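Residue numbering for the sequence shown follows my numbering, beginning at 175 and increasing consecutively.
Where a beta carbon is used, it is the ideal one built from N, C-alpha and C, also for glycine.
Being a predicted model, the structure only gives us computed values, none of them experimental.
I have placed the structure first, in the form of structure tokens, so that the comments after it can refer back to it.
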Amino acid sequence: MKLTAEQIKAIAVGVARVEAREDSVYLLRFTKEQEELYKTVSDDFYKKTYATAGVRLEFVTDSKSLAMECEVSSGSSRKYFSHGIFVDGKRFSELSAMTDTGIFGGRWTLPEGEKKICIYFPWSTRSSVRSITIDDGASLAPVKKAHTMIIFGDSITHGYDSASPERSYASKLADALDADARNKGIGAEIFRPELASLHDGIEPDYISVAYGTNDWNACTYEEFTAKCRGFYMALSENYPNAQIFALTPIWRKQHASPSKAGEFCVIAEFIEKLAAEIPNLTAINCFDTVPADLTCFSPDGVHPNDKGFSFYADGAIEKIKAIIK
Numbered sequence: 175m176k177l178t179a180e181q182i183k184a185i186a187v188g189v190a191r192v193e194a195r196e197d198s199v200y201l202l203r204f205t206k207e208q209e210e211l212y213k214t215v216s217d218d219f220y221k222k223t224y225a226t227a228g229v230r231l232e233f234v235t236d237s238k239s240l241a242m243e244c245e246v247s248s249g250s251s252r253k254y255f256s257h258g259i260f261v262d263g264k265r266f267s268e269l270s271a272m273t274d275t276g277i278f279g280g281r282w283t284l285p286e287g288e289k290k291i292c293i294y295f296p297w298s299t300r301s302s303v304r305s306i307t308i309d310d311g312a313s314l315a316p317v318k319k320a321h322t323m324i325i326f327g328d329s330i331t332h333g334y335d336s337a338s339p340e341r342s343y344a345s346k347l348a349d350a351l352d353a354d355a356r357n358k359g360i361g362a363e364i365f366r367p368e369l370a371s372l373h374d375g376i377e378p379d380y381i382s383v384a385y386g387t388n389d390w391n392a393c394t395y396e397e398f399t400a401k402c403r404g405f406y407m408a409l410s411e412n413y414p415n416a417q418i419f420a421l422t423p424i425w426r427k428q429h430a431s432p433s434k435a436g437e438f439c440v441i442a443e444f445i446e447k448l449a450a451e452i453p454n455l456t457a458i459n460c461f462d463t464v465p466a467d468l469t470c471f472s473p474d475g476v477h478p479n480d481k482g483f484s485f486y487a488d489g490a491i492e493k494i495k496a497i498i499k
């Protein structure tokens with residue numbers, strides 16, 4: 175039984191919308207208005223909006239088989255992708271390749287009986303669904319999440335440089351909070367108040383925000399503080415009932431060398447000060463969540479690898495759970 179676009183939409187998690195186009199179903203994490211905003215920023219940022227970071231298909235089925243074919247195209251500066259396939263919470267298989275372009279597919283024999291399937295889509299590329307098939311007559315039910323969430327951030331939130339999408343801190347955070355989480359991470363992004371002013375069309379229970387490391391490199395202190403304040407004020411106004419968590423930047427190799435914004439610590443200090451002014455905003459200092467150990471990072475000393483993401487996720491989740499109402 176080949177799933178229809180409507181059936182795929184029903185089991186999609188982490189999406190702002192689902193669109194059937196030509197031969198594929200597109201799983202989109204940004205609203206049209208947000209995409210249009212990024213089109214005015216740069217072609218590179220606009221391309222990254224189509225990466226499927228945080229997107230999953232989650233469903234319960236008694237099917238004995240699963241087949242999927244996806245069309246992959248560039249969605250970041252990384253030239254690899256992976257779909258992590260889980261059965262009842264355990265990693266079962268993957269659909270992956272060391273490229274960012276092409277049509278890829280697979281077929282898997284599933285365990286007997288009813289089981290929960292979760293397919294994590296790539297953060298590094300766009301992956302549209304050409305087909306997904308289960309046994310004729312098999313059951314199909316979406317998985318309902320306890321919470322809704324929006325996750326804002328830069329390349330680290332986008333997923334750089336996890337080997338598989340489920341290993342990024344954003345995916346781990348969504349799992350830990352049992353949240354249908356829309357990942358808005360964009361590689362190289364900074365605080366952008368215009369993005370925060372665009373409503374996502376949902377009323378999330380939680381919002382996490384993790385900018386700052388690029389602001390420290392790209393902005394003067396005055397530019398950073400204006401953009402940071404504008405972002406959080408717009409976010410709080412748009413979502414007054416959400417708990418907003420401001421994750422300050424993690425350790426990076428270059429942190430001891432001041433940039434034009436000043437010492438690296440000024441980013442966290444301002445965010446913590448701002449959180450005291452905005453009622454539904456809580457600052458969470460994440461600098462020490464990832465050890466100052468280059469084995470936790472890609473060679474650039476900025477982007478966590480799977481080891482680093484594990485530390486980051488564990489630390490952030492522990493701190494967030496301690497303050498959730």
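Distance, Arg-356 Cα to Arg-203 Cα: 6 Å
Rounded straight-line distance, which links the Cα of Thr-205 to that of Ile-324: 12 Å
Chain-order list of residues whose beta-carbon lies under 7 Å from that of Ser-342 (same chain, five-residue window excluded): Trp-297, Gly-333, Ser-336, Phe-483
Buried/exposed call for Gly-276, threshold 16 Cβ in 10 Å: exposed
Nearest to Ile-441 (by Cα), restricted to the options Thr-456, Tyr-385, Leu-372, Ser-329: Tyr-385
Gln-285 versus Leu-421 - alpha carbon distance: Reading off the sequence, residue 285 comes out as Pro, not Gln. When rounded, the distance between both Cα atoms is 40 Å.
The stretch 397 to 405 in contact with the stretch 340 to 354 per 3-pair CB rule at 8 Å: no
Proximity winner among Ala-430, Ala-320, Glu-368, relative to Asp-379 (alpha-carbon distances): Ala-320
Pick from Asp-217, Phe-471, Ile-306 that is closest to Ser-237, judged by C-alpha positions: Ile-306
Touch test, the stretch 308 to 322 against the stretch 231 to 251, Cβ-Cβ under 8 Å, three pairs minimum: yes
Inter-residue CB distance, Ile-452 and Tyr-406 (contact presumed, cutoff 8 Å): 6 Å
Asn-415, buried or exposed, once every other Cβ within 10 Å from all chains shown has been counted against 16: exposed
Contacting residues, own chain, Cβ-Cβ under 8 Å from Thr-394 (five flanking each side not counted): Lys-434, Ala-435
Residue closest to Trp-282, alpha-carbon to alpha-carbon, out of Leu-240, Arg-304, Thr-469: Leu-240
Short Cβ contact (8 Å threshold) for Glu-368 with Leu-211: yes
Minimum length 3: unbroken beta strand (DSSP E) runs contained in the stretch 354 to 381: none
Start-end ranges of the alpha helix (DSSP H) lying completely within the stretch 426 to 452, minimum 4 residues: 439 to 449
Test item: CB-CB of Ala-490 and Thr-463 under 8 Å: yes
Own chain partners of Thr-223 with C-beta closer than 6 Å, once the 5 adjacent residues on each side are dropped: Phe-204, Glu-209, Tyr-212
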